[in-house]
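Protein chains in written order, with the numbering used here: chain A, 13 to 313; chain B, 13 to 313.
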């Protein structure tokens with residue numbers, strides 16, 4: 013699992029910082045999460061293959077989280093994309109993107125599918141054999157969701173030496189991988205655990221931005237391996253957080269602690285701060301394993 | 013008069029090139045012409061003061077000419093702008109920008125005024141005591157206008173030595189500057205030309221992008237000092253020009269020659285070409301004074 017940060021600063025793009033966008037690589041998927049202005053240039057800088065992006069998740073309709081989407085969609089057209097593109101985001105996203113295409117008289121030549129979100133409860137929005145994605149309802153000035161990406165339980169792994177010893181026919185391998193007990197060539201029932209190893213641990217990633225401190229997300233993100241949580245402010249500007257519906261580094265750490273996550277990644281820093289290292293210091297006092305997002309940085313888990 | 017090229021490549025932003033946007037400085041105005049994705053970063057890189065931009069002219073509603081506008085408008089809000097912002101562009105521009113503000117529940121705290129264009133004839137769209145701006149109807153896949161910026165005739169300049177000699181009272185200076193003959197202290201009529209100099213030459217700039225070869229713009233842009241004309245293709249790809257409603261470098265030069273302009277600036281190059289110098293070579297065979305636009309480059313006249 014790899015998280016590539018394309019942009020992680022709040023507000024508008026600057027010469028050296030970018031608004032929110034990141035790419036999650038999980039089980040051979042490349043999920044784009046948020047798409048601020050300049051995302052397609054950041055994708056190129058980070059050498060991410062455009063054609064591998066098939067699913068885009070938009071947290072909310074503030075410009076710094078999606079103003080790069082219309083351009084990216086039209087670039088896909090110029091690149092002669094043919095495969096489906098799925099966009100998950102708040103209701104309204106289809107109207108605004110479609111209006112831009114209509115005014116340009118430029119329709120995509122690939123299937124563009126919108127999945128508009130309106131629920132205030134967590135819901136499953138994507139699923140295939142390997143991964144599932146749930147929304148994480150956040151509390152912001154406008155309707156906003158985070159996203160929880162979870163690997164599905166993998167197959168059990170075959171212990172070939174044990175299989176040979178127990179004389180189990182190849183025809184049963186699939187059943188073994190699925191966890192079933194099987195009958196061997198001598199007609200004996202062999203317990204699955206005798207001839208297989210446990211599947212590798214399921215990894216999970218939760219993206220939570222933008223949001224005020226919201227304790228009830230803890231049940232949804234409980235024990236995720238990695239939590240990206242916005243930290244727009246430091247505690248000394250805590251009074252600004254409820255007004256703007258953002259969080260402080262300390263609050264992000266409190267959520268990480270309550271949810272007992274593996275690693276907390278901070279981001280969405282207000283551009284008023286010169287040194288983001290302060291965010292780590294503040295959060296570390298509450299929760300130990302803190303990383304700082306930065307544009308172009310990536311994390312592997 | 014100064015033209016600052018922020019971006020001059022066709023299609024979508026890349027790591028090292030930007031879509032169309034430029035700033036024209038004329039008679040103390042800073043006019044922003046087109047606003048592709050990434051324009052606000054380019055404005056910063058080129059050290060252009062955001063607050064000096066009061067008028068934005070959008071040629072047409074293809075993304076590479078305006079996808080940076082919604083972000084710029086919201087940045088102005090974050091910068092606590094108070095002064096009016098005027099946006100001139102095709103019908104539809106108000107709807108699409110307003111929809112983005114509505115979905116974000118983020119309205120400007122400064123007056124944002126749209127001037128929507130629908131006419132297929134050249135029309136005066138802006139005028140003050142010093143400058144006038146006319147549309148130049150272009151021929152593109154969708155409704156598109158170029159813009160003609162013309163300084164108004166300045167005042168005649170006073171020849172103080174001659175004025176003293178003719179004994180003309182100060183009270184008449186304004187009339188003299190406006191070109192009137194006046195009566196001196198001895199009751200004699202003094203011809204204006206005897207005591208004033210001609211005003212400095214009126215400068216003019218025409219921006220024409222995107223457009224197919226369109227000969228009837230020549231009457232509108234006749235004898236302008238500087239013509240920016242798109243040159244998406246070289247002649248060897250001439251067959252693509254009518255289909256996509258773009259021009260070749262040669263065609264741009266033909267327009268410059270017919271209109272008898274001072275200088276031709278080429279831009280809007282297709283990203284298929286590695287060396288833009290070829291555009292100059294091709295145009296120079298038809299029209300002598302050719303300049304190549306490039307991102308970050310500026311021209312003074």
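Ideal placement from N, C-alpha and C gives every residue a C-beta, glycine not left out.
All figures in this text were calculated on a predicted structure; none of them were measured in a lab.
When C-beta atoms of the stretch 191-199 of chain A are compared with those of the stretch 224-243 of chain A, fewer than three pairs fall below 8 Å, so the two segments do not count as touching.
Chain B has no Cβ within less than 8 Å of the Cβ of residue 242(A). The beta carbons of residue 147(B) and residue 137(B) sit about 6 Å from each other, so the pair counts as a contact at 8 Å. Residue-level contact by beta carbon fails for residue 222(B) and chain A, as no gap is shorter than 8 Å.
Contact annotation: residue 299(A) and residue 268(A) have beta-carbon atoms nearer than 8 Å. Under the Cβ criterion (8 Å, minimum of three pairs), the stretch 198-210 of chain B does not count as touching the stretch 55-65 of chain B. Between the alpha carbons of residue 215(B) and residue 237(B) lies a gap of roughly 6 Å. With fewer than 16 other Cβ atoms from the protein chains shown falling within 10 Å of its own Cβ, residue 308(B) counts as exposed. Residue 82(A) and residue 168(A) have their alpha carbons spaced roughly 42 Å apart.
With a contact defined as Cβ atoms closer than 8 Å, residue 157(A) and residue 71(A) qualify at about 6 Å. Within 10 angstroms of the beta-carbon of residue 209(B) lie fewer than 16 other beta-carbons, which makes it exposed. When C-beta distances to chain A are compared with 7 Å, the residues of the stretch 15-34 of chain B below that value are 23, 24, 25, 26, 27, in chain order. Not a single CB atom of chain B sits nearer than 8 Å to the CB of residue 266(A).
In this structure, DSSP gives residue 216(A) an extended state, which the three-state scheme calls strand. Around residue 64(B), the same chain offers 42 as residues with beta carbons nearer than 7 Å, after the five sequence neighbours per side are excluded.
Closer than 8 Å at the C-beta level to chain A, one finds no residue of the stretch 203-227 of chain B. For chain B, the residues of the stretch 141-154 of chain A that bring a beta carbon within less than 7 Å of one of its beta carbons are 153, 154, in chain order.
Chain order gives the chain A residues near residue 74(B) as 116, 118, where near means a beta carbon separation below 8 Å. Going by DSSP, residue 14(A) is part of the beta strand (DSSP E) stretching over 14-19. Residues of the stretch 40-70 of chain A with a Cβ closer than 8 Å to any Cβ of chain B, in chain order: 49, 50, 52, 53, 56, 57. DSSP, reduced to helix, strand and coil, places residue 78(A) outside both helices and strands of the structure shown, so it counts as coil. For residue 157(B), the enclosing beta strand (DSSP E) begins and ends at 157-163.
Leaving aside the five residues that flank residue 95(B) on each side, the residues in its chain whose CB is nearer than 7 Å to its CB run, in chain order, 66, 122.
The beta-carbon of residue 108(A) is placed less than 8 Å from the nearest beta-carbon of chain B.
Check the Cα spacing between residue 276(B) and each of 313(B), 52(B), 190(B), 164(B): the tightest is with 313(B). Distance from the CA atom of residue 114(A) to the CA atom of residue 29(A), rounded to whole angstroms, is 31 Å. Between the alpha carbons of residue 47(A) and residue 40(A) lies a distance of about 20 Å. Within the stretch 96-126 of chain B, the beta strand (DSSP E) runs of at least 3 residues that lie entirely inside it are, in chain order, 97-102. Neighbours of residue 82(A) in chain B, taken as residues at a C-beta separation under 8 Å, are given in chain order as 75, 79.
Around residue 201(B), the same chain offers 193, 195 as residues with beta carbons nearer than 7 Å, after the five sequence neighbours per side are excluded. With at least 16 other beta carbons inside 10 angstroms of its own, residue 260(A) counts as buried. Distances from the alpha-carbon of residue 232(A) to those of 293(A), 224(A), 161(A), 248(A) put 161(A) closest. Straight through space, the alpha carbons of residue 255(A) and residue 225(A) are spaced by roughly 12 Å. Beyond the five residues adjoining it in sequence on each side, residue 119(B) comes within less than 6 Å, by CB distance, of 113 in the same chain, given in chain order. In this structure, the beta-carbon distance from residue 271(A) to residue 235(A) falls below 8 Å. Unbroken beta strand (DSSP E) runs of no fewer than 3 residues, entirely contained in the stretch 176-223 of chain B, are found at 216-220, following chain order.
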